[in-house]
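Working notes, beginning with the structure itself.
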Amino acid sequence: MLDRWIAHGCLFLFLIQFFVRVLDAFIRGIRRRWIRIEQLIYGRSGTEAIELF
44 MLDRWIAHGC LFLFLIQFFV RVLDAFIRGI RRRWIRIEQL IYGRSGTEAI
94 ELF
């Protein structure tokens with residue numbers, strides 16, 4: 044019974060870690076695209092666009 048709980052706990056933690064990494068990569072990708080869009084629209088430098096976040 045205890046072994047099963049430990050196995051489920053490890054699997055659950057692995058899934059959470061995987062989900063967080065995917066979400067983090069997704070958010071970073073959106074930020075990069077958003078900075079590029081802002082550069083096109085406003086003609087700002089990249090550092091100024093990054094400071095908005």
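Using my numbering, read the sequence shown as starting at 44 and increasing by one per residue. C-beta atoms are modelled at their ideal positions from N, C-alpha and C, and glycine is treated no differently.
Environment of residue i [buried if 16+ CB atoms lie within 10 Å]
| i | result |
| --- | --- |
| I78 | buried |
C-alpha distance - residue i paired with residue j, whole-angstrom precision
| i | j | result |
| --- | --- | --- |
| C53 | I59 | 10 Å |
| L83 | A68 | 23 Å |
| L56 | I49 | 10 Å |
Cβ neighbours of residue i in the same chain (closer than 7 Å, five flanking residues each side left out)
| i | result |
| --- | --- |
| G72 | none |
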